[in-house]
Amino acid sequence: MSDTNSIIGRLGALFVESLHIEAPPADTDLFETGILDSLQLVELLLQLEQRFGFRIKIDDIDLEDLRTLARIARLVAARTAAAGSQVTPLAGRAEANRASTIGSTRDSVSDEPVLRSGSVR
Numbered sequence: 001m002s003d004t005n006s007i008i009g010r011l012g013a014l015f016v017e018s019l020h021i022e023a024p025p026a027d028t029d030l031f032e033t034g035i036l037d038s039l040q041l042v043e044l045l046l047q048l049e050q051r052f053g054f055r056i057k058i059d060d061i062d063l064e065d066l067r068t069l070a071r072i073a074r075l076v077a078a079r080t081a082a083a084g085s086q087v088t089p090l091a092g093r094a095e096a097n098r099a100s101t102i103g104s105t106r107d108s109v110s111d112e113p114v115l116r117s118g119s120v121r
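47 is the number that the working numbering gives to position 47 of the sequence shown; each next residue is one higher, with no gaps.
Below you can see the structure in the form of structure tokens.
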């Protein structure tokens, strides 16, 4: 359980640093209270992947797992245990990952060429 408490602490830091939201109590429903909107939810998913080192497939997303910090911590603990990795601080990794993917196809919405001003298609 202390591992879950550690993860909740890291999630609190994530909320403050990345979502610019004061971390709510661990059992507060993030959706019912309006703490998270849809854009913040997407940012939360991205931050979970970057900070805890696991991927979340769109088909695997269950909003019930994301309702509270306690539930998110259990999800993170299960995902990191399943991947055989430890939950350790990834200082600077999120920034490095973001910098290394800028301009990559990961940031693209589609594979369509980008139109520049003055281009004709």
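Positions of the beta carbon are idealized from the N, C-alpha and C atoms, including for glycine.
All values reported here derive from a predicted model rather than from experimental measurement.
Residue j beta carbon less than 8 Å from that of residue i
i	j	result
S6	Q47	no
L15	I21	Inspection of the sequence shows that residue 15 is occupied by Phe rather than by Leu. Cβ distance < 8 Å, so F15 and I21 count as in contact.
DSSP three-state assignment for residue i, whether helix, strand or coil
i	result
I7	helix
Same chain, Cβ closer than 7 Å to residue i, neighbours up to 5 away in sequence not counted
i	result
P25	none
L75	D65
G39	Checking the sequence shown, residue 39 turns out to be Leu, not Gly. Excluding sequence neighbours, L39 sits near nothing in its chain.
I56	L45, L48 and E49
Cut-off 8 Å between Cβ atoms - residues of its own chain near residue i, not counting five sequence neighbours on either side
i	result
T33	P24
L11	A23, L69, I72, A73 and V76
T28	I35, T68 and L69
I61	L45
S117	Reliability of the predicted coordinates at S117 is poor, the pLDDT of 49 falling under 50, and the value obtained from them is presented with this limitation in mind. Answer for S117: no residue qualifies.
Interface flag, residue i vs chain C, CB-CB below 8 Å
i	result
G9	Structure shown: chain C not included; a single protein chain is present.
Secondary structure, beta strand (DSSP E): runs of 3+ residues fully inside the region 21 to 91
The DSSP assignment places no complete beta strand (DSSP E) segment of no fewer than 3 residues inside the region 21 to 91.
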